[in-house]
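See below for the structure under consideration.
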Amino acid sequence: MITQTKPVKTRTRSYTLIVSGLCLAVLAFFVLDLAMGSVRIPWMEVVQILSGKTAGEPAWQPIILKLRLPKAITAVLAGAALSVGGLQMQTLFRNPLAGPSVLGVTAGASLGVAAVMLTTGGMTTLYAVRQLGLAGGWVVILAGSLGAATVLLLILAISFKVSDNVVLLIVGIMLGNVTLSLVSIWQYFSQPEQLKDYLLWTFGSLGGVTLTHLKVLLPVVGTGLVLAFFSSKWLNGLLLGENYARSMGLPINRARTLVILTTSLLAGSVTGFCGPIGFIGIAVPHLTRALLNTADHRILIPCTCLVGALTMLVCDLVAQWPGSSLTLPINAITALIGSPVVIWIIISRNNLRASFG
Amino acid sequence: MDKQTTILTTHKLAIGYHHRRLAQDINLRLQGGELVCLLGANGVGKSTLMRTLAGMHPPLAGEVRIEGTPLHQLKARTLAQKISVVLTDRVATGNLSAWQVVAMGRYPYTGWMGKLSVQDQKVVEWAIDITGVVPLADRHLHHLSDGERQKVMIARALAQDTPLILLDEPTVHLDLPNRMGIVRLLRRLVKETGKTVLMSTHALDLALQIADQLWLMHHRGLQAGVPEDLVLSGTIEQVFQKEGLQFDLSTGAFRLQAFGDKSIALYGLGPAFVWTQRALEREGFAINSKKPPLATVEIQDTEGTTCWLLKTGSSTKHCTSVAELLTYVNTIPLPVQPVKSL
Numbered sequence: 080m081i082t083q084t085k086p087v088k089t090r091t092r093s094y095t096l097i098v099s100g101l102c103l104a105v106l107a108f109f110v111l112d113l114a115m116g117s118v119r120i121p122w123m124e125v126v127q128i129l130s131g132k133t134a135g136e137p138a139w140q141p142i143i144l145k146l147r148l149p150k151a152i153t154a155v156l157a158g159a160a161l162s163v164g165g166l167q168m169q170t171l172f173r174n175p176l177a178g179p180s181v182l183g184v185t186a187g188a189s190l191g192v193a194a195v196m197l198t199t200g201g202m203t204t205l206y207a208v209r210q211l212g213l214a215g216g217w218v219v220i221l222a223g224s225l226g227a228a229t230v231l232l233l234i235l236a237i238s239f240k241v242s243d244n245v246v247l248l249i250v251g252i253m254l255g256n257v258t259l260s261l262v263s264i265w266q267y268f269s270q271p272e273q274l275k276d277y278l279l280w281t282f283g284s285l286g287g288v289t290l291t292h293l294k295v296l297l298p299v300v301g302t303g304l305v306l307a308f309f310s311s312k313w314l315n316g317l318l319l320g321e322n323y324a325r326s327m328g329l330p331i332n333r334a335r336t337l338v339i340l341t342t343s344l345l346a347g348s349v350t351g352f353c354g355p356i357g358f359i360g361i362a363v364p365h366l367t368r369a370l371l372n373t374a375d376h377r378i379l380i381p382c383t384c385l386v387g388a389l390t391m392l393v394c395d396l397v398a399q400w401p402g403s404s405l406t407l408p409i410n411a412i413t414a415l416i417g418s419p420v421v422i423w424i425i426i427s428r429n430n431l432r433a434s435f436g
Numbered sequence: 033m034d035k036q037t038t039i040l041t042t043h044k045l046a047i048g049y050h051h052r053r054l055a056q057d058i059n060l061r062l063q064g065g066e067l068v069c070l071l072g073a074n075g076v077g078k079s080t081l082m083r084t085l086a087g088m089h090p091p092l093a094g095e096v097r098i099e100g101t102p103l104h105q106l107k108a109r110t111l112a113q114k115i116s117v118v119l120t121d122r123v124a125t126g127n128l129s130a131w132q133v134v135a136m137g138r139y140p141y142t143g144w145m146g147k148l149s150v151q152d153q154k155v156v157e158w159a160i161d162i163t164g165v166v167p168l169a170d171r172h173l174h175h176l177s178d179g180e181r182q183k184v185m186i187a188r189a190l191a192q193d194t195p196l197i198l199l200d201e202p203t204v205h206l207d208l209p210n211r212m213g214i215v216r217l218l219r220r221l222v223k224e225t226g227k228t229v230l231m232s233t234h235a236l237d238l239a240l241q242i243a244d245q246l247w248l249m250h251h252r253g254l255q256a257g258v259p260e261d262l263v264l265s266g267t268i269e270q271v272f273q274k275e276g277l278q279f280d281l282s283t284g285a286f287r288l289q290a291f292g293d294k295s296i297a298l299y300g301l302g303p304a305f306v307w308t309q310r311a312l313e314r315e316g317f318a319i320n321s322k323k324p325p326l327a328t329v330e331i332q333d334t335e336g337t338t339c340w341l342l343k344t345g346s347s348t349k350h351c352t353s354v355a356e357l358l359t360y361v362n363t364i365p366l367p368v369q370p371v372k373s374l
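Here the protein sequences come in this chain order: A and B. To get the working numbering, take the position in the first sequence, counting from 1, and add 79. To get the working numbering, take the position in the second sequence, counting from 1, and add 32.
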């Protein structure tokens, strides 16, 4: 009896190694992300500035604290939020291609942001919204989240009628398409300046988030992640399918509602601030599963956070190509460097099929 | 558990979907410590009945009571402590070890994180041990065969530690040894733990051997009883009788009815008789029927070697194998019969 419980214990130990390794990697890339950019700042200086000491060069301090620190924190938050949202969607819909962007979460957020940027003229352009500081932060985050939540509530309402998750997934994709065509029509009738703001938003950017905005983004994403972690037992139960989950006493409807709401909170807020960032939500859960070789959400959710943050930091490093003052759109980079990595991992490890039969 | 405890009752239960009523006026009772097999043709509503009893599907009318409480009044968690299920749903997720899947059976008892107490772990170990999946415990579900996976799902249901276990066709897709293994396991569980097992199956012969009760489901309703009573009263025959199927009272199995008009007389004893009969029936002969036989076959056992004497009219053929007998039997000319119109 005692020998049988042993494998569980050894598995926990191997996770501690992976988790601490991931934590160190996130920390290292976080500091690296602060050090790299159009102005290169030595590692040691970065650490000194972060610990509150004065830097060797007076200009470095504001660069780190005002510009790069919010961007790096945003990268961590966005990476974690989108990845966990994707993981939840993949488990709920038992579909390896699911992510926050299906189900119209991203489309809904786009509609919300488009509504703010394209309708009310110059005052609420992205620039103006950001100038408003915290209040403006709320406008974009609310627009993005409300847009995402509207679409998701619609899907949730349908989900009580449709018990089949695959059907629900298709409904979600269709609703997403409808939402995006609404945005298209809106764009068609918009002024060029408004359009430009909106298009810039769709490229995705981590740099537009200031420390004041983080006061909004951080608690929202934090709440979402905590809720996601609290739903890990339910998500595990859903792995066996809804019928089994129900037979084991899991409140299916409540679980489904919680998962959908958490995802809309996570993906909606990040999309509102940083624009629609693709790829991360679909790919990082697969990377994490390949790394850990488990489907247990109690370990998968924290690790997905870490891998998501790490991936986003790496993408940000590549986006602000070292040695140049050019910053590429983050949305392009995530897919550009991420997709080959995912293809390689899936082919070499072959456990995509293990996760989704 | 006391054998007389009533676990589940249904009262005027009607099952089906809003556009199609499958069965109605079902009044059933499940006692503690019995194994019940649910039999019925495809599409008659066996799975729907199982799902309705498990609270996964709403009844159209009537109610299901679990230990006296109406099912719909029970909380999901309480219900999960009363009934566990093994479904035909294929579990697609492979990135879980068998141990983890079995441990999920403890969900109705654990907190929000699903952390297992020492007691929970003991129950999981017991379930793994009694189902014989100890060697599979660390393997991933993905790498298991259908039979192994089925055993793991049964172990999971056991870990749920419920007085009633519902299994929907647990032996389908399994080969004979695995099928017998699972059936023996269920039988043993019922006997040793006093749990009640309700399983649906298509294997009538198996059900007749192992079930304490049979539930026969047909288009007119549902009939319950001890298997032997249902056989002797001819109920089984009525329910399953279809064109060309004949229920053999002595063996408890269905046989293809002789499709020809040919009749043969067969004399002999023991296994040789039974197997010769099967061979001749396959060739379209009715054995020892009321019709005048075309020929007579006598099985003789001399010094351990069997031989068959085929007598037609005046001639007698001596055959040393069933194969030889069949060759000769098929050369017998048919008597002249009135020509049937096509």
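Ideal Cβ positions, reconstructed from N, Cα and C, are used throughout, including at glycine. Only a predicted model underlies this, so the values are computations on that prediction, with no experimental measurement involved.
Asked: Short-range partners of chain B found in the segment 373-395 of chain A, where Cβ spacing is below 8 Å; Found: T373, A374, D375, R377
Asked: Contacting positions in the segment 337-370 of chain A - beta carbon closer than 7 Å to chain B; Found: R368
Asked: 7 Å CB neighbourhood of T367(A) in its chain, flanking five on each side removed; Found: L379, C382, T383, V386
Asked: Residue-level contact to chain B via CB, F239(A), 9 Å cutoff; Found: no
Asked: First and last residue of the uninterrupted alpha helix (DSSP H) at Y323(A); Found: 321-326
Asked: Cβ pair Q270(B), A256(B) closer than 9 Å; Found: no
Asked: Y139(B) classed as buried or exposed, judged by whether at least 16 other C-beta atoms fall within 10 angstroms; Found: buried
Asked: Any chain B beta carbon closer than 9 Å to Y323(A); Found: yes
Asked: Given 8 Å, three or more beta-carbon pairs between the segment 282-290 of chain A and the segment 331-343 of chain A; Found: no
Asked: For R97(B), the three-state DSSP class (helix, strand or coil); Found: strand
Asked: Cβ-based burial, H376(A) [other Cβ within 10 Å; buried from 16]; Found: buried
Asked: Secondary structure of D152(B), DSSP reduced to three states; Found: helix
Asked: Test: K107(B) CB closer than 9 Å to a CB of chain A; Found: yes
Asked: Beta carbon proximity, I186(B) to chain A, threshold 9 Å; Found: no
Asked: Exposure of K312(A), with buried meaning 16 or more beta-carbon neighbours within 10 Å; Found: buried
Asked: Local Cβ density within 10 Å of H50(B), reported as buried at 16 or more and exposed below that; Found: exposed
Asked: Where A112(B) meets chain A, residues with beta-carbon distance less than 9 Å; Found: R325, S326, M327, G328, L329
Asked: Backbone CA spacing between E313(B) and F279(B) [nearest angstrom]; Found: 14 Å
Asked: Chain-ordered chain B contacts of L233(A) [CB-CB under 7 Å]; Found: Those within 7 Å of L233(A) in chain B number zero; the least Cβ separation is about 24 Å.
Asked: Local Cβ density within 10 Å of M136(B), reported as buried at 16 or more and exposed below that; Found: buried
Asked: F286(B), DSSP secondary structure in three states; Found: strand
Asked: Supposed contact pair I268(B) and L67(B) - C-beta distance, whole angstroms, cut 8 Å; Found: That pair is no contact at about 17 Å.
Asked: Interface positions of the segment 293-322 of chain A facing chain B (Cβ-Cβ less than 8 Å), listed along the chain; Found: F309, S311, K312, N315, G316, L318, L319, G320, N322
Asked: Cβ of V133(B) within 9 Å of any chain A Cβ; Found: yes
Asked: V329(B) to N74(B) span [Cα, whole Å]; Found: 40 Å
Asked: Nearest neighbour of L389(A), chosen from Q140(A), G131(A), T153(A) [CA to CA]; Found: T153(A)
Asked: Length of the line joining the Cα atoms of A374(A) and Q113(B); Found: 25 Å
Asked: Closer than 9 Å to chain B by CB, S189(A); Found: no
Asked: As assigned by DSSP and simplified to three states, the class of T84(A); Found: Any reading at T84(A) must be qualified, since the residue scores a pLDDT of 44, below 50, and its modelled position is unreliable; no value is offered.
Asked: Anticipated Cβ contact below 8 Å, L410(A) with I356(A), distance rounded; Found: Per the sequence shown, the amino acid found at residue 410(A) is Asn instead of Leu. Between I356(A) and N410(A) the Cβ distance is about 6 Å, and since that is below 8 Å, they are a contact.
Asked: For H205(B), the three-state DSSP class (helix, strand or coil); Found: coil
Asked: Cβ separation of L103(B) and L248(B), assumed to be a contact under 8 Å, to the nearest whole Å; Found: Rounded, the Cβ-Cβ distance is 23 Å, inconsistent with contact.
Asked: Short CB-CB distance (under 9 Å) between W144(B) and chain A; Found: yes
Asked: DSSP bridge partner residues for D200(B) (one or two, in chain order); Found: S232(B)
Asked: Touching by the beta-carbon criterion (3+ pairs, under 8 Å), the segment 218-226 of chain B and the segment 168-178 of chain B; Found: no
Asked: Identity of the residue in L370(A), V288(A), V230(A), K145(A) nearest F183(A) by Cα; Found: In the sequence under discussion, the amino acid at residue 183(A) is Gly, which differs from the Phe named in the question. Ranking the options by Cα distance to G183(A), first place goes to V230(A).
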